[in-house]
Amino acid sequence: MSGASQAMHFKARAGDKLADRILQGALKKAQPLFTAKRRKGMASLAADGLDFAAMRAAAQAIRQRVLDDLDVWLEIFEARAVAAGAEVLWARDGAEAARLIVELAQREGVRTVTKSKSMLSEEAGLNAALTAAGIRPVETDLGEYIVQLAQEPPSHIIAPAVHKTIAQVEALFAEAHGRPQLARTSADIPKMADEARQVLRRDFLAADMGISGANFLIAETGSAALVTNEGNGRMVTTLPRLHVVLTGIEKIVPTLEDFATLMRLLPRSATGQDISNYVSLLTGSRRDGDLDGPQKTVFVLVDNGRAGLLGGAFEPMLRCIRCGACMNHCPVYFALGGHAYGWVYPGPMGSVLTPLYTGLENALDLPHASTGCNQCGSVCPVGIPLPDLLHGLREAQNARGLRPPGERLTMRLWGWLARHPRSYRLLIRLAARYLHWLGDDDAAGRRIRIFGLAPAWTAGRDLPVGPGRSFFEQYAARKRD
Amino acid sequence: MRVALYVTCLVDLMRPAIGFAALRLIEACGCEVVVPPAQTCCGQPAWNAGNRPLAIELARKAIGELENYDAIVVPSGSCADQIRNVYPQLLADQPAWAERARRVAGNCRELTTFLHEMSRSTAEIPDFPGEFAGSATYHDSCKGLRALGVKEQPRELLARVRGLTLREMDECEACCGFGGAFSVRFADVSTRIVDDKCAAIARTGADAVIGGDLGCLLNIEGRLRRLGDQTTRVLHIAEVLAGGDGS
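So the sequence lines, in the order shown, correspond to chains A and B.
Each residue of the first sequence is one higher than the one before, starting from 1 at the first, in the working numbering.
Each residue of the second sequence is one higher than the one before, starting from 1001 at the first, in the working numbering.
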């Protein structure tokens, strides 16, 4: 669970993931559930008389308004949060965020930390940093708890353990909870969740510090907004004497009204719910007379590459509200699962963010790991043109000379031909004959079974071929007749 | 009406019958069809690879060849998207080209969109000659669907084909995994994605799968055959509407 990127190994990892039958089974099961959930969410939006396109335009405008003056909104947020009794710390990158939190924990004599979901914690490699300092981090989101037991990073931003089967979870629970392994079916899920709840209860009560993310930071009130389904978020943010909110600087929304608008789309896009089971607005620390709440609330707001995107071609990515709809509708994500992507964020948004946050040269495959289908862009609730951004990254790779020489040469040769119709015609004429000659006939037509010039294509598919004479050759002959 | 047929490089090389079928269909709408002789490729591979300079050069070349027609018709959603949506974007900041790109883009139609518009606007268009004895399912290709809004057009055209019953597949709007260079660069991932498409096609029990983009069709047909399906026909909608053996 470190912030280090393995994104350069996407291609090799993709092969491993395709060969992993257990993983493939889990993904095949999950995909239709995810798409059905959003479909349900959109139906309920329509039933409320709300139009997705109009709501999306409104949500996009809210997010864009923040990005246009992010510095100002951050100052407003800081002032309001401090006025409400919280402390605000700023971190340039993930490492600094981890250092600030470890130092705070050490200063306060913290031994156990309970955590609710935070992807920024993954960017910061926070669990590793806490562990190295002798502090025990306990993930309390059920999915996060499972992947922590498995010593794996989350494979999805809202369903961290989507890659795990029930049998795998049962094996992890049996070992961690010191009991024999049982045969489990999906009917046992509530029982297993309850088992995790019992174990986690001890940690909730023992923890000195709770660390949460924030879905949004409300500038007008200085609050953190938390959108959760399991209730663990409330335990993490109210039981320990210290509460740390760890999130990115782009998560600001101006007003509660804006938050309400975004909330019409976030749960519906993510899980298909009209609203999540819990929506918490956390403002300041425990006041005199309050029955619960942390004695101290500290915001750790992290840049880690975000400010560098402001005002540039990739700024739209900062509108992201982390709903997961893009990956839930991505054929590549569901072919491989999230771990193939090699860093914190998977799927289309991850393929954009990973090169931007970890370096273009450290994730060369990701901008190409897309069929360009735009299923992601069409479901994004804040109108991020994900394929265009991936495309921009491909251009940036070319501009920086990061594409392999063989590819550049092929492109140059092809480009020359495409600009010289007579040579192009001749080559296509020969190619049509060659492909036809290579093919074999059978009942279903003529096709190539092993194609030496593009062996990758015929590794899993035949290549159907034509009649040996190109369109333009035939057309010229007809015109002569 | 003078119409330029933009054959596309894939149809030229891999399945010329689609080009001839498109030609006959446009003629059946009472149009004069010209096949601009110097056309090669719209530049989509360069654009997808992130090679903007080459994509711009090929856009200018195509615009020069296509600007003197009342309409430009393309039997492919992705190539039509390149001309309609990408060209104006590529040339927006070049004063000598921006207007020309916009004009060509505005005149460019994906084939089924063109046929659909023609059959609605002109009363005397004959039914297209195609006949099909059996059932078929339709794959919505991504660029056609999401970039050009091609959805009802092919279905309404197919509804007029004698003998053809349309059986929709599950997730007919899901990507088949082709993605141009993606299908070679990440061939194994592409194959895994097209498996879902093949399974959805098989579940319909249809005699044929029909689409509007040859790239998707080569991918789907290639996988179906490799999986041992020798019977499901894989057809471009132009071939179905035009009938005959297509040549």
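For every residue, glycine included, the Cβ atom is placed at its ideal position computed from N, Cα and C.
- When C-alpha distances from L463(A) are compared across V1033(B), L1058(B), R1155(B) and R1223(B), the shortest belongs to R1223(B).
- In this structure, the straight-line span from the alpha carbon of G41(A) to that of L1005(B) is close to 43 Å.
- Within the region 111-166 of chain A, the runs of alpha helix (DSSP H) at least 4 residues long that lie entirely inside it are, in chain order, 119-124, 126-132 and 142-149.
- Within the region 202-236 of chain A, contact with chain B at the beta-carbon level (separation under 7 Å) is assigned to no residue.
- D1207(B) and S1135(B) have their C-alpha atoms spaced approximately 5 Å apart.
- Membership of S1190(B) in the alpha helix (DSSP H) is indicated by the continuous run A1187 to T1204.
- Taking a Cβ-Cβ cut-off of 7 Å, the neighbours of G1177(B) in chain A comprise P331 and T371, given in sequence order.
- At least one C-beta of chain A is nearer than 9 Å to the C-beta of C1041(B).
- A straight line joining the alpha-carbon of A1174(B) with that of D1195(B) spans about 12 Å.
- Considering only D188(A), P455(A), G305(A) and P467(A), the residue with the shortest C-alpha distance to L430(A) is P467(A).
- Note on geometry: alpha-carbon atoms of Q1089(B) and R1103(B) lie some 13 Å from one another.
- With its beta carbon at least 9 Å from every one in chain A, N1068(B) lies outside the interface.
- Where E1110(B) is concerned, the enclosing beta strand (DSSP E) starts and stops at C1108 to E1110.
- The C-beta of A1096(B) has fewer than 16 other C-beta atoms within 10 Å across all chains shown, which makes the residue exposed.
- When DSSP states are grouped into helix, strand and coil, P1088(B) belongs to the helix group.
- Taking one beta carbon from each stretch, the region 293-307 of chain A and the region 81-96 of chain A have 3 or more pairs nearer than 8 Å; the two touch.
- Using a Cβ distance threshold of 9 Å, A307(A) and P254(A) do not count as a contacting pair.
- For the region 1130-1162 of chain B, the set of positions with a beta-carbon nearer than 8 Å to some beta-carbon of chain A reads C1142, K1143, R1146 and A1147 in chain order.
- Bounds of the beta strand (DSSP E) holding G210(A) are M209 to S212.
- For I1193(B), the chain A residues whose Cβ falls inside 8 Å of its Cβ are P331, V332, A335 and T371, in order along the chain.
- Under a criterion of Cβ atoms nearer than 8 Å, no residue of chain B is adjacent to G312(A); the nearest Cβ is some 17 Å distant.
- Going by beta carbons, V1073(B) and Q1044(B) fall outside the 9 Å limit.
- Looking at the DSSP output, I252(A) sits in a beta bridge with L217(A).
- Put simply, the CB of A53(A) is far from chain B, with every gap to its CB atoms at 9 Å or more.
- At a cut-off of 9 Å between beta-carbon atoms, P1016(B) makes contact with chain A.
- In the structure shown, L1235(B) adopts extended strand secondary structure according to DSSP, grouped into three states.
- Going by beta carbons, L1235(B) and T1008(B) fall outside the 9 Å limit.
- By the rule that beta-carbons nearer than 9 Å mark a contact, A477(A) does not touch chain B.
- In terms of CA proximity to G460(A), D1188(B) leads the group E1110(B), I1237(B), Q1230(B) and D1188(B).
- Considering only beta carbons, no part of the region 1069-1087 of chain B lies closer than 7 Å to chain A.
- By the Cβ neighbour-count rule, N374(A) is buried, with 16 or more other Cβ atoms within 10 Å of its own.
- Between I1210(B) and I1193(B), the gap from beta carbon to beta carbon reaches 9 Å or more.
- CA-CA distance, P387(A) to Q148(A), rounds to 32 Å.
- For G1228(B), the three-state secondary structure derived from DSSP is coil.
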